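Protein chains in written order, with the numbering used here: chain C, 1 to 348; chain F, 1001 to 1348. We put the beta carbon where it would ideally sit given N, CA and C, even for glycine. What you are looking at is a predicted structure, and each value in this text was computed from that prediction instead of being measured.
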């Protein structure tokens, strides 16, 4: 097998970015051997600046030691470039791929929007764990990618280790997707499962989820359905070739679901889940997020606790459902690594 | 998008081959538009001979009309070549891909073994729905493919519309697969589900499956676990890089499962399924097929009736399970079409 070298710029060294560096340190050699892909980190950028390889690659082993000791990238001697921004790095440093792992911002998409735009304009491919720009500016990003002959991979932004997009785009190639239904948020599924299993109120289940670190102190993003909606938008845009934004998706969360709703559903052989749905119809794509009473034998009905899943209804292949995938920084980092590998194993 | 033309030779015009011709007739245009893949059928071969395009492609529309009227390919005027064999067609006619859809033969793998060998030796890629040669002569076929720089795609031979291999190879790229567990045979799963739901004996459930056309008159291949084993061998070989054959897999079917076994399992919160398992261990790959009592919350436990599913346990992505996929000639034909598309969307 011939080996391809891909020079990457990593933006964002929070939990996901760091887990990604750790994964690279651990299996860079294995990836080269198995996929013929040699990954060189030419720059790593965080909020205070960057570390830049003057030639070749940064040592991911040394970088990991530095980060694990609490060091910031911009103090990673002798590569330290305090103050160098992501946009500057992406615009100036010769590279092949931007790996975008900064925190998701759903107000203006920054700083990821700037990073991704600059990368596409420089002809880099983009592998993004960041949902912000994909949800808010999908149309703009798609156009930039097309105009510059670049590709954008978004597994890590669409339920990460659960292969939502790969199944729809690759595993079902040639079939027409009629509908997509997904349990795309682990926190809300955890709360609904607890309510059902323990016959407890929403508040009790939420509190328990917060104590376990499954729900945030401010759970709005999850429980109001925003996170499900954001993933659904990216999935629907990619699968159905749409260019939808947040305002196009009717949205209801789970905060109004009471124990009586759950028990009523159970009595009629159903189970309530927060489902994101996108369905082809004669009048276009029907898309929404909200609680749904699923039949007990619906393939999403048996997804419990913090698990996620997505179900594709197709014309020639019937219904195909995929569930699971680790929900953790490592799972997200593994999705980034997978997309990096896909830049090589998928044709241009 | 630039368009690539792939000239295919289709061997086998039974239910799957015919469904494949129907699918091509229906969406050849759509495939060209969506994937940049123009599929030309340069020859179609069945037991009595072939139809060969003198130039360009056979009209799949006309061929379909001819087949639907009960005509054999070797009488498809003016392209009829009575007596021309698959090996002759593949060796003599310039083409890019063999689509192998003859009936599976698990004694000597013929005629598919000959077709596939000749195709690989002529530098064609192979897309196979036929399990025979893959189960019996995996090592030989792999070597031929490598020696000739050809590729072999086997989705349609490994549970067809259920994307068993794609998930393991593409969706989980970069993760290490620790174990694979699969419910790979719909007939046995149907029988076990009926026994459990209706509290009936094995013989009753089998008879009912036969009446519904789900089980064959001679159900041996399914109920003794051979079909599960055959799919598992191909999956394990591909995922773990092994070269196993039928004798390497300890095998038990479901004929000895009684209602008491099922009720005993249910009482302890479990459910009995026929599971094919391949698991990495310090001493190599542990592989077997047999009935297993799965915990109720195991992701394969909720797969009922004629549904199938496969579950991958990985290091970095956790457990990922995929279920469903249409079990029909159309589902198998759709898997062939998918693999044809993969010859273009996956890099060489």
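- The beta carbon of residue 1036 of chain F sits closer than 8 Å to those of 1001, 1002, 1003, 1004, 1344, all from its chain and outside the five residues before and after it, given in chain order.
- Around the beta carbon of residue 307 of chain C, 16 or more other beta carbons lie within 10 angstroms, which makes this residue buried.
- Distance from the Cα of residue 1246 of chain F is smallest, within the candidate group F:1258, F:1239, F:1225, F:1259, for F:1225.
- Counting along the chain, residue 1203 of chain F sits inside the alpha helix (DSSP H) bounded by residues 1202-1211.
- Counting only unbroken stretches of 3 or more residues, the beta strand (DSSP E) elements lying wholly within the region 1129-1196 of chain F are 1177-1183, in sequence order.
- Taking residue 136 of chain C as reference, the option from C:82, C:233, C:293 with the minimal CA-CA separation is C:233.
- Here DSSP, grouped into helix, strand and coil, assigns residue 1125 of chain F to strand.
- Residue 1107 of chain F carries a coil assignment under DSSP once its states are collapsed to helix, strand and coil.
- With a beta-carbon spacing of about 5 Å, residue 89 of chain C and residue 50 of chain C fall inside the 8 Å limit used to define contacts.
- Identification of chain C residues near residue 1068 of chain F by a Cβ-Cβ cut-off of 9 Å yields none; the smallest Cβ-Cβ distance measures about 18 Å.
- If you compare the alpha carbons of F:1215, F:1281, F:1211, F:1266 with that of residue 1240 of chain F, the shortest gap goes to F:1281.
- At least one CB atom of chain C sits nearer than 8 Å to the CB of residue 1174 of chain F.
- Chain F has no Cβ within less than 8 Å of the Cβ of residue 94 of chain C.
- From the listed residues F:1134, F:1270, F:1223, the smallest Cα separation to residue 1106 of chain F is found for F:1134.
- Where residue 335 of chain C is concerned, there is no enclosing beta strand (DSSP E), although the alpha helix (DSSP H) around it starts and stops at 329-345.
- At least one C-beta of chain C is nearer than 8 Å to the C-beta of residue 1304 of chain F.
- Partner residues in a beta bridge of residue 88 of chain C, as assigned by DSSP, do not exist.
- Excluding five sequence positions before and after residue 1152 of chain F, the CB atoms of its chain that fall closer than 6 Å to its own CB belong to 1126, 1145, given in chain order.
- In the same chain as residue 242 of chain C, and ignoring 5 residues on each side of it, the C-beta atoms closer than 7 Å to its own belong to 236, 285, in chain order.
- Between the C-alpha atoms of residue 1294 of chain F and residue 263 of chain C there is a straight-line separation of about 27 Å.
- Across the structure, residue 320 of chain C and residue 1084 of chain F are spaced so that their CA atoms are roughly 39 Å apart.
- Close to chain C, meaning a Cβ-Cβ distance shorter than 9 Å, are the following residues of the region 1030-1053 of chain F: 1030, 1031, 1034, 1035.
- In the three-state DSSP reduction, residue 290 of chain C falls in the strand class (E or B).
- With fewer than three CB-CB distances shorter than 8 Å, the region 1011-1018 of chain F does not count as touching the region 325-341 of chain C.
- Look at the beta carbons and you see the region 256-275 of chain C touching the region 185-199 of chain C: at least three pairs across the two are nearer than 8 Å.
- Residue C:113 holds the alpha-carbon nearest to the alpha-carbon of residue 132 of chain C among C:149, C:180, C:113, C:120.
- When DSSP states are grouped into helix, strand and coil, residue 1277 of chain F belongs to the strand group.
- One alpha carbon belongs to residue 342 of chain C, the other to residue 38 of chain C, and they sit about 13 Å apart.
- Nearest Cα to residue 1082 of chain F within the set F:1168, F:1324, F:1043: F:1043.
- Shortest Cα-Cα distance from residue 148 of chain C to any of C:173, C:172, C:117 involves C:117.
- The C-alpha of residue 121 of chain C lies about 30 Å from the C-alpha of residue 77 of chain C.
- In the DSSP assignment, the residues bridged to residue 38 of chain C are C:5.
- Taking C-beta separations shorter than 7 Å and ignoring five residues to either side along the sequence, the partners of residue 72 of chain C in its chain run 46, 48, following chain order.
- Checking the DSSP bridge columns, you'll see residue 1312 of chain F partnered with F:1180, F:1320.
- The beta carbon of residue 5 of chain C sits no closer than 8 Å to any beta carbon of chain F.
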